[in-house]
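Notes to accompany the following structure.
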Amino acid sequence: MTGDWRGAWTTALDELEMDVAAVEAMLADEHRQAETPPADLWRPPTELGALPLELKPRADEILTRQLAVAEELARRLTANRQQSAMTSRIETGEAVKRPVYLDRAM
């Protein structure tokens, strides 16, 4: 039973770490299509019981990475909103047609 318990936790942490690594890779690649969500979203396993003590450092490291990724995502979303607000204020000339020159010969 003890081996199954540790194995289940190790598998759960492996899956969680792969999810964090996928988001980190997306953030590192400026040209990646961010509109496509990951195919398999990580879901917390049920009925695992307490985390084995020897896996706590790994779980803490994954949590630290998750928090850093969440902070970076929030920063980029804020930057995108600011850029969108700025570009919406730029007048393109499409909505209002103005004369480009004035013919004073007449």
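Each residue of the sequence shown is one higher than the last, beginning at 1 in the UniProt record's numbering. Yeah, the Cβ is synthetic: ideal placement off N, Cα and C, and Gly gets one too.
Round the Cβ separation of residue i and residue j to the nearest angstrom and send it over; I've been treating them as touching at under 8 Å.
| i | j | result |
| --- | --- | --- |
| residue 13 | residue 55 | 6 Å |
| residue 110 | residue 42 | Within the shown structure, residues of the chain are numbered from 1 to 106, placing residue 110 beyond reach of any answer. |
| residue 48 | residue 9 | 6 Å |
Could you name the residues of the same chain whose beta carbon sits closer than 8 Å to that of residue i, not counting the 5 residues immediately before and after it, in chain order?
| i | result |
| --- | --- |
| residue 7 | none |
| residue 81 | none |
Residue i by DSSP, collapsed to three states: which one?
| i | result |
| --- | --- |
| residue 71 | helix |
| residue 50 | coil |
| residue 103 | coil |
| residue 89 | helix |
Give every residue of the same chain whose Cβ lies closer than 6 Å to the Cβ of residue i, excluding the five residues on either side of it in the sequence, and list them in chain order.
| i | result |
| --- | --- |
| residue 65 | 20 |
| residue 18 | none |
| residue 116 | Any property of residue 116 remains undetermined from this structure, which presents the chain solely from 1 to 106. |
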